[in-house]
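**Student:** Plus 878 on top of the position in the sequence shown (first one is 1) and you've got our numbering.
Every residue gets a Cβ at the ideal spot worked out from N, C-alpha and C, and that includes glycine.
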Amino acid sequence: MPSSVGSVIAKNEILLNGERFPIKSPPRRVLTSLFAPKISIGQTDQTAAQHISTLAFNDFRGGIGIERGIDSSTVDRAWFATAQLRFKEHVVLPALVRETAASGESGQVDTIEDLNNEIYAAFGTKVMKWSNTDSWGSSLHTLPGSATDIIKVRLSGTTYLVWACNAEGYSFTSDGSSYTNKADTVFTPKFLAVWNDLLWGISEDGYLKYSSNLTSWTNDAQLPLPNDSVTSLFVGRDASANPVLYANTKVGLFVHDNANTKWLETEIGLPFNNQGGVSSTKWRDSVYFPVGLSVYKYKVGETSTLQVVGPDRDHGLPAEFRGTIKKLVGTHNDLIALIDGTTGTEGDIFQTGSSQHGHRSQIIESSGKSLLCGYNELGWEVKWAGTTALQAATTAHVSSAYGEYRLWFATTNSVFYFALNEDVINPDQISDFEYATSGELQTPDFDANDITSSKLALKLKVQTSNCTSTETVGVSYALDGSDTYTSLGSITTNGVTEYDFPSTAAPAGLEFKSIRFKFTLARGSTSTKVSPDVNRFELQFRRKLAAKYGWQVTIDLTRPRGKKGYKGKTPAQLDDALRAIVDSNELLSYTFRHNDTDYTHYVDVAQLSGFEMTGLDDRFERTLTLLEP
879 MPSSVGSVIA KNEILLNGER FPIKSPPRRV LTSLFAPKIS IGQTDQTAAQ
929 HISTLAFNDF RGGIGIERGI DSSTVDRAWF ATAQLRFKEH VVLPALVRET
979 AASGESGQVD TIEDLNNEIY AAFGTKVMKW SNTDSWGSSL HTLPGSATDI
1029 IKVRLSGTTY LVWACNAEGY SFTSDGSSYT NKADTVFTPK FLAVWNDLLW
1079 GISEDGYLKY SSNLTSWTND AQLPLPNDSV TSLFVGRDAS ANPVLYANTK
1129 VGLFVHDNAN TKWLETEIGL PFNNQGGVSS TKWRDSVYFP VGLSVYKYKV
1179 GETSTLQVVG PDRDHGLPAE FRGTIKKLVG THNDLIALID GTTGTEGDIF
1229 QTGSSQHGHR SQIIESSGKS LLCGYNELGW EVKWAGTTAL QAATTAHVSS
1279 AYGEYRLWFA TTNSVFYFAL NEDVINPDQI SDFEYATSGE LQTPDFDAND
1329 ITSSKLALKL KVQTSNCTST ETVGVSYALD GSDTYTSLGS ITTNGVTEYD
1379 FPSTAAPAGL EFKSIRFKFT LARGSTSTKV SPDVNRFELQ FRRKLAAKYG
1429 WQVTIDLTRP RGKKGYKGKT PAQLDDALRA IVDSNELLSY TFRHNDTDYT
1479 HYVDVAQLSG FEMTGLDDRF ERTLTLLEP
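#1: In or out: Asp1361 buried (at least 16 other Cβ within 10 Å) or exposed?
#2: Cβ atoms of Gly1387 and Thr1375: under 9 Å apart, would you say?
#3: Between which two residues does the alpha helix (DSSP H) harbouring Val1460 extend?
#4: Using a Cβ-Cβ cutoff of less than 6 Å, which residues in the same chain neighbour Thr952 once the five nearest sequence positions on both sides are dropped?
#5: Would you kindly work out how many angstroms separate the C-alpha atoms of Leu1206 and Arg1421, rounded to a whole number?
#6: Using DSSP bridges, identify the partner residues of Asp1485.
#7: Whose C-alpha, out of Val1460, Asn1372, Ser1392 and Leu893, is nearest the C-alpha of Val1412?
#8: On a Cα-Cα basis, can you pick out the residue from Val1178, Phe1324 and Lys1339 that is closest to Ser1332?
#9: Tell whether a beta-carbon distance below 9 Å holds between Thr1416 and Thr1026.
#10: Leaving out five residues before and five after Glu864 in sequence, what residues of the same chain have Cβ atoms less than 6 Å from its Cβ?
#11: Is the CB-CB distance between Ala934 and Glu1318 below 9 Å?
#12: What residue from Tyr1038, Ser1158, Phe938 and Val1186 has the CA that sits closest to Thr1058's CA?
#13: Is it true that the CB of Leu1142 sits closer than 9 Å to the CB of Phe1132?
#14: Rounded to whole angstroms, what's the CA-CA distance from Ser1233 to Asn936? Just pull it up for me.
#15: Determine the DSSP secondary structure at Pro1305, reduced to helix, strand or coil.
#16: Starting from the C-beta of Asp1212, find all residues in its chain whose C-beta is less than 7 Å away, skip the five residues before and the five after it, and write them out in chain order.
#17: Could you tell me how far apart the beta carbons of Tyr1355 and Arg976 are, in whole angstroms, since I believe they sit closer than 8 Å?
#18: I'd like to confirm the pairing. Which residues does DSSP put opposite His1472 in its beta bridges?
#19: From Ala999, Asn995 and Val969, pick the residue whose C-alpha is nearest to that of Gly982; which is it?
#20: According to DSSP, Arg1032 sits in a beta bridge with which residue or residues?
#21: If you drop the 5 nearest sequence neighbours on each side, which residues of the same chain put their C-beta closer than 7 Å to that of Arg907?
#22: Using DSSP with H/G/I as helix, E/B as strand and the rest coil, what is Glu1312?
#23: Rounded C-beta distance between Lys1128 and Ser1107? I'm assuming under 8 Å.
#24: Taking Cβ positions, are Trp1041 and Val1293 nearer each other than 9 Å?
#25: Return the residue from the list Leu974, Asp1306 and Ser903 that minimises the CA-CA distance to Thr1508.
#26: Roughly how far, in whole angstroms, is the beta-carbon of Leu1357 from the beta-carbon of Gln1418, given that I think they are within contact range, below 8 Å?
#27: Counting pairs of Cβ atoms below 8 Å between the segment 1305 to 1322 and the segment 990 to 998, do you hit three or more?
#28: Span of the beta strand (DSSP E) holding Tyr1363?
#29: Just to confirm my understanding: we take Asn1044, look at its own chain, exclude 5 residues before and 5 after, and list those with CB closer than 7 Å. What are they?
#30: Express the C-alpha separation of Asn1463 and Phe899 in angstroms, rounding to a whole number.
#31: Comparing C-alpha positions only, which one of Leu1256, Lys1396 and Leu1504 sits nearest to Ile1433?
#32: Given that a residue counts as buried once 16 or more other Cβ atoms are within 10 Å of its Cβ, and exposed if not, what is Asn1120?
#33: Leaving aside the five residues before and after Gln962 along the sequence, list all residues of the same chain whose C-beta is less than 6 Å from its C-beta, in chain order.
#34: What do you reckon, are the CB atoms on Lys1004 and Ser1013 nearer than 9 Å?
#35: Could you tell me which whole beta strand (DSSP E) segments of length 3 or greater appear in the segment 1245 to 1278?
#36: At the level of alpha carbons, what is the spacing between Phe1228 and Trp1078?
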């Protein structure tokens, strides 16, 4: 703010940081800056428009989990999507997930496994077989209790399916028609594994035993932990790449020392967590184990032993899908995580508004939905999202039963499956790929790295392919952290579709502090092998900044000033003083006279220019542009 001071300077001079300089004419008020530099993120083709910036997307291979704050490291990320994101310049519908017919049993599906090229599931204590048409048939067997684990094992030339029922014992079959229940007087395994051509089981109290015949068990080792500490038993690799037994527990990971029949604690220790290590598994060259919604990657022999790779990294998942991972299972192309969104705790952690730029108020919900995600070591992609609340995710299984490579999974007492591919993963290269009827992509909130200043959205360009009157892409946007979307339209043609943003004010455009987009893909055709395709999209916008005014003043050292120069200084000395002031890189006090009043401001030197006389004359002019921050 200017301040009026006493008459200390003449009309034909200014005072800059206490130094007097003669001026050629009165200071002029000028517009110094209206637009910030162009902002461009991602792969863009820039236009020649001086004040228009472009935000471009054509690659979401980094997966979901970035809610706000797009920058160069997160431009390949989405906030949430049920569409496929794995292929650059292609966003298409997800795989078609089929729900099997109701079994007629009310019990929760805790286990799914295959035997002799057929799928078996336990609905509560009832074992049932899928017909591969549309029926589970009738109950084949009653287990001694609810199953805690299931495994397929080959012993002495015979393949068995074995259910662990914890305190109630276990059950097994080799043909799916005749079953043997073993009471708890024999052994009560809670989790099972196959290693060294033997069946291994670990009980709730941590006793590890093995069997070669399913009727007798040999004692091996006991975990040095309280009862009910173990959460999974599986086979991984040691530092020499040899197969070895692992037990994950609520406090960390243990490895079995077969030579000395004992458990050794690994370097992976965790604070006590009831969900620590549930359904841990080996995938590719590493061990993966969940703790709640986190997934930890453990690679033996690496310096950085532990990596957090779970879907809870960065901003995580939308509130309705946050819970715990119930099952990890590996496929050819993905590590699958089945998430139970019904296990959260209800409560508003904090309340925020649009001024906080996109934060959501409901953090964890008890009435959430189940979710199936896949991890390909680049990021997470949603394979299936539940639409019904309180349908608890329970188990998953990969199988080639019936000659079809599929992923099977369950929520409460419903069983689902969808096709997998062993070689190629790009659906464009799979002639019989079956697409779901709908899917969507939500981008992160974009604010141009400025959460307070207004921006003006001008145009959205969307490039699509494979669109028809029935294969469509709906386009909508949401502003300033709101969850309410406004439709721009529905795309039914191929090529580039342009949307001019509506506005009730002039000039045209839509004012925003942050903006995100949603693309809703739909397949109206009865054919499952078609999908609309979003190739890329671009937002054209401009910064809407307040005008910045300053002063332009010309320091005049061209006229003779006598033997002593101006105020006792030669032009060269004044120029040296001026350069020293500019080079200080500090806010400068600037005083000038207007209407017989002196005004003082604190300014930056935005520009310094001028020309020098030739010959022996060292007189010159300097033009300063001064900006008040």
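**Tutor:** Put simply:
#1: exposed
#2: Result no, Cβ atoms of Thr1375 and Gly1387 do not sit closer than 9 Å.
#3: Pro1449 to Asp1461
#4: For Thr952, where only same-chain residues beyond five positions count, the Cβ hits under 6 Å are Ile944.
#5: 46 Å
#6: For clarity, residue 1485 is Gln in the given sequence; the question names Asp instead. Thr1503.
#7: Asn1372
#8: Phe1324
#9: For the record, residue 1416 in the displayed sequence is Glu; it is not Thr. Not closer than 9 Å, so no.
#10: Outside the displayed range of the chain (879 to 1507) lies residue 864, so it cannot be described from this structure.
#11: no
#12: The candidate whose alpha carbon is nearest that of Thr1058 is Tyr1038.
#13: yes
#14: The predicted position of Ser1233 is uncertain, since its pLDDT is 36 and thus under 50; no value can be drawn from it.
#15: In the displayed model, Pro1305 falls within a helix according to three-state DSSP.
#16: Gly1252, Tyr1253 and Asn1254
#17: Contact flag wrong, Cβ pair sits at about 33 Å.
#18: Assignment of beta-bridge partners to His1472 by DSSP yields Thr1475.
#19: Ala999
#20: Thr1037
#21: Tyr1427 and Trp1429
#22: coil
#23: 5 Å
#24: no
#25: With the chain running from 879 to 1507 in the structure shown, residue 1508 is simply not present.
#26: Their Cβ separation, rounded to whole angstroms, is 16 Å, which puts Leu1357 and Gln1418 out of contact at 8 Å.
#27: no
#28: Tyr1363 -> no beta strand (DSSP E), and no H or E assigned at all.
#29: If we look at Asn1044 and ignore the five residues flanking it on each side, its Cβ neighbours are Gly1023, Thr1026, Thr1066, Lys1068 and Glu1082.
#30: 19 Å
#31: Leu1504
#32: exposed
#33: Val970 and Pro972
#34: no
#35: Positions of the beta strand (DSSP E) runs, each at least 3 residues long and wholly inside the segment 1245 to 1278, are given as 1249 to 1253, 1258 to 1263 and 1271 to 1277 in order along the chain.
#36: With a pLDDT of 34 at Phe1228, under the threshold of 50, the predicted position of this residue should be treated as unreliable, though the coordinate-derived value follows. Approximately 47 Å, taken between the alpha carbons.
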